[in-house]
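Residue numbers (the working numbering), protein chains in the order written: chain A, 1284 to 1481; chain B, 1284 to 1481.
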DNA sequence: CCTACCGATCGGTAGG
DNA sequence: CCTACCGATCGGTAGG
């Protein structure tokens, strides 16, 4: 629904966004120059400005798009009426899937968002907070129902979010099947590392 | 043991390193100018070069120091002869402690190391790899002994490393007592989120 | 530790 | 989409 949402971009604009996401991922936002980007797209640096307003617009556009993917995902999970354990599994799968499929957006979303400036920064942080709150609903429900143990919910939230964040940097994990990897991470978080001593 | 190890720095040099670590943490390496740093230290930009060789030296120095802390820590854990479960707990405590105590170095170590250039970059990556290998020794021993369940050890390693990484960005977690927070994270990773159904 | 200064590079604009 | 170009800022050096 944002002004820069994917489906409203022309093909060329889309191409520029994807090249920018790749460069931001590899070199970081500040280390990527508009000349780097132009070279990667195959036009002169000044020609970029026929398609985009500024370098900053690229960054915030990428971050908002990725954030929207997470928001849509968690809302679909909450509204479908599975068991709480299953919802937590789905939440982990959502993270694994986005990390594997949308690798350029994901790294920028995780690492480079802090270079967004106001007023977009506040909007972005609000979006991120809304997402975390939605995740918290699942975690807290599980504790209320007695399905989950009573651990500081912030610790749990961050364990989930961060246990999938490194995937994007590991070739080994990117090529792993989403279902297998998702189950391994879910299993670790839900059942723990210790062998059951029955 | 590195040439830039903390104990070999003069007080002024030390002051510059700490100011740099804080700025790199807050704005990122590329967005921090030597003029920013000079202002923070209270001298003219060019005067910085009486104490340090280059901006890059600051970055790699900070990263190597933090890496050394981790290496020393994990080696102490391995060489002391506790149970495997206890060693894993100590490993998580090590991460919590460094994240809470050495907050400026830690963020730079986690986020900004990729701006190190060769030949230091290779050295840094080798150091990081050595640390991960040491951690793997603990995880794999636990699985061999049958104490830990058989989960992809890379998944486990990253869950541990990343489950403590976010601490540095949370005021709430920085002010929490190390022992309490360390136990909560250890408990989650060792026993899982699910309530035992006895 | 300072003044003075350098070449390189930056994001972006004018005008077509 | 290009040529030509701008003011600002960068990391770093010379010389004292």
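Think of the CB as a built atom: it goes at the ideal place given N, C-alpha and C, for glycine as much as any other residue.
query	result
Per DSSP, residue 1431 of chain A forms a beta bridge with which residues?	B/1477
Give me the chain B residues within the contact set of residue 1446 of chain A, using Cβ-Cβ distance strictly less than 9 Å, ordered along the chain.	1438, 1441, 1442, 1445 and 1446
Can the beta-carbon of residue 1374 of chain A be found less than 8 Å from the beta-carbon of residue 1443 of chain A?	yes
Unbroken alpha helix (DSSP H) runs of length 4 or more, entirely within the region 1301–1367 of chain A: which are they?	1317–1324 and 1338–1362
Check whether the Cβ atoms of residue 1314 of chain A and residue 1298 of chain B sit closer than 8 Å, and answer yes or no.	no
For residue 1396 of chain B and residue 1337 of chain A, what's the separation of their Cα atoms in angstroms?	27 Å
What number of angstroms, rounded off, separates the C-alpha of residue 1471 of chain B from the C-alpha of residue 1328 of chain B?	48 Å
Using 8 Å as the limit for Cβ to Cβ distance, is residue 1476 of chain A near chain B?	yes
Rounded to the nearest angstrom, how far is the Cβ of residue 1310 of chain B from that of residue 1354 of chain B, given a contact under 8 Å?	So it is not a contact: roughly 28 Å between Cβ atoms.
Quick one: is residue 1394 of chain A buried, meaning 16 or more other Cβ sit within 10 Å of its Cβ, or exposed?	buried
Just the chain B side, please: which residues come within less than 7 Å of residue 1431 of chain A by C-beta, in chain order?	1476, 1477 and 1478
Within 10 Å of its beta-carbon, does residue 1463 of chain B have 16 or more other beta-carbons around it, so buried, or fewer, so exposed?	exposed
Nearest by alpha-carbon distance to residue 1342 of chain B: which of B/1306, B/1321 and B/1323 is it?	B/1306
Classify residue 1460 of chain B as helix, strand or coil using the three-state DSSP reduction.	coil
For chain A, check one thing: does any of its Cβ atoms lie closer than 8 Å to the Cβ of residue 1288 of chain B?	With a pLDDT of 45 at residue 1288 of chain B, under the threshold of 50, the predicted position of this residue should be treated as unreliable, and no value is reported.
Where residue 1318 of chain A and residue 1402 of chain A are concerned, what is the direct C-alpha to C-alpha distance, given to the nearest angstrom?	26 Å
Exposed or buried, residue 1364 of chain B, counting other C-beta atoms within 10 Å across all chains shown (16 or more means buried)?	exposed
Given a limit of 7 Å on CB to CB distance, which residues of the region 1308–1341 of chain A reach chain B?	1311, 1313 and 1314
Using only the alpha-carbon positions, how far apart do residue 1360 of chain B and residue 1370 of chain B sit?	6 Å
From the beta carbon of residue 1396 of chain A, is the nearest beta carbon of chain B less than 8 Å away?	no
Contact between the region 1425–1438 of chain A and the region 1382–1394 of chain B: three or more CB pairs below 8 Å?	no
Cβ of residue 1356 of chain A within 8 Å of Cβ of residue 1300 of chain A?	no
Taking Cβ-Cβ distances shorter than 9 Å, what residues in chain A pair up with residue 1375 of chain B?	Near residue 1375 of chain B there are no residues of chain A at all, since even the closest Cβ is about 11 Å away, more than 9 Å.
How should residue 1454 of chain A be labelled, buried or exposed, when 16 other C-beta atoms within 10 angstroms of its C-beta is the threshold for buried?	exposed
Counting only C-beta atoms, is residue 1253 of chain A closer than 8 Å to chain B at any point?	Only positions 1284 to 1481 of chain A appear in the structure, and residue 1253 of chain A is not among them; the question remains open.
Rounded to whole angstroms, how far is the Cβ of residue 1431 of chain A from the Cβ of residue 1477 of chain B, which I believe are closer than 8 Å?	7 Å
Would DSSP call residue 1293 of chain A helix, strand or coil?	coil
Use the C-beta contact count for residue 1358 of chain A: other C-beta atoms within 10 angstroms, 16 or more gives buried, fewer gives exposed.	exposed
For the region 1452–1471 of chain A, which residues have a CB atom closer than 8 Å to at least one CB atom of chain B, in sequence order?	1453, 1455, 1456, 1464, 1467, 1468, 1470 and 1471
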